[in-house]
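Inspection log for the structure reproduced underneath, given as structure tokens.
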Amino acid sequence: MNLLKAKSPLHILTPFQARVLQDLVQEPLLKDFYLTGGTALSAFYLQHRLSDDLDFFTEAPQAVSRIPPVVRKIAKTLKARVAWGRRFETLFECTLARGGERLEMDFALDMPGRLKPLGQYRPLKMALDNSLDISCNKLSALYERSEAKDFVDVFFIHHRYMALTQLIRQAHHKYPELDDYGLAMAFFKVKGISMLPRLIRPLSIASLRAFFLAHARRLAKGFSGS
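Here's what the structure looks like:
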């Protein structure tokens with residue numbers, strides 16, 4: 001199956017990434033997982049940037065601990081090297097490398113509180129996270145770590161899917177701990193962004209900073225009383 005043809009949502013993947021994904025979802029254990037995160041957001045919903053990782057969530061408590069042998073098998077088939085990251089009952093991180101290319105993969109136990117049902121990418125029979133839950137997860141990620149890719153993702157979510165003010169309201173249902181003060185402080189961290197991820201759609205650092213600083217000041221007004 002050619003996942004990279006122009007009409008495929010996964011044409012943004014490299015051949016190596018596409019092969020890893022195709023081999024992964026053929027494994028019976030992966031029926032318990034669904035694709036989420038930046039790759040899912042860009043490939044299936046926004047088409048805004050390239051991604052170097054695959055994120056899979058599951059609601060099956062024991063599924064994550066059974067992933068390492070699957071990764072080892074795929075690495076052997078593809079003649080790729082494996083670097084193991086953090087390994088817990090609820091989280092497993094690894095990196096596959098072949099030639100000059102690296103692909104990071106995270107497998108994690110999802111938290112309860114899904115806002116909408118999962119979808120499916122039928123050509124691969126792969127479970128796929130919906131745009132609302134991914135978007136709320138992305139806002140939560142920005143709140144927690146404030147990486148460039150999170151700012152870029154939320155920027156394009158606002159411009160192509162859902163206004164940031166509406167996203168914040170939706171995210172409060174899934175993440176009650178997302179307070180407006182913390183979000184404002186996270187948005188102000190855009191001033192430290194000096195490099196963007198590889199983009200498909202145009203965006204400048206100046207535009208990114210202006211957008212989030214305006215929203216940070218708007219949120220901060222609610223605390224200053226001004």
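Each step along the sequence shown adds one to the number in our numbering, with nothing skipped, and position 128 is 128.
All C-beta atoms in this analysis are idealised placements derived from N, C-alpha and C, irrespective of residue type, glycine included.
Sequence-distant Cβ neighbours of Lys-149 in its own chain, meaning closer than 7 Å and more than five residues away, are Gly-38, Pro-197. Distance check between Tyr-161 and each of Lys-31, His-48, Pro-68, Arg-87 places His-48 closest, using alpha-carbon atoms only. Within the stretch 124 to 157, the complete beta strand (DSSP E) segments at least 3 residues long are 126 to 128, listed from N- to C-terminus. Scanning its chain for C-beta atoms nearer than 8 Å, with the 5 sequence neighbours on each side dropped, one finds around Leu-219 the residues Asp-180, Tyr-181, Leu-183, Ala-184, Phe-187, in chain order. Remark: three or more beta-carbon pairs, one from each stretch, lie closer than 8 Å, so the stretch 64 to 82 and the stretch 91 to 100 are flagged as touching. Rounded to whole angstroms, the separation of the alpha carbons of Gly-222 and Phe-44 is 35 Å. In the DSSP assignment, Val-82 is bridged to Leu-96. Between Leu-109 and Phe-57, the C-beta spacing is below 9 Å. Leu-35 is bridged by DSSP to Phe-56, Leu-128. Phe-88 sits exposed, since fewer than 16 C-beta atoms from the chains shown fall within 10 Å of its C-beta. Under the three-state reduction of DSSP, Ala-163 is assigned to coil, being neither helix nor strand. The alpha-carbon separation between Ser-42 and Arg-114 amounts to approximately 20 Å. Sequence-distant partners of Ser-51 (beyond 5 residues in either direction) whose C-beta falls short of 7 Å from its own C-beta, in its chain, are Gly-38, Thr-39, Ser-42. Taking the Cα of Gln-166 as reference, the smallest distance to any Cα among Asp-23, Val-190, His-215, Lys-189 is reached at His-215. Per DSSP, Met-111 is not a residue of any alpha helix (DSSP H), being assigned neither H nor E.
Contact fails between the stretch 137 to 145 and the stretch 14 to 28, because fewer than three Cβ pairs, one in each stretch, are under 8 Å apart. In this structure, Lys-189 lies away from Ser-135, with their beta-carbon atoms at least 9 Å apart. Secondary structure at Met-105: strand, using DSSP grouped into helix, strand and coil. Here the alpha carbon of Val-82 sits roughly 37 Å from the alpha carbon of Phe-212. Residue environment: Ala-127 is assigned as buried (16 or more neighbouring CB atoms within 10 Å of its CB, all protein chains considered).
If you draw a 10 Å sphere on the C-beta of Lys-76, you find fewer than 16 other C-beta atoms in it, and that means exposed.
Per DSSP, Gln-62 has no beta bridge partner at all.
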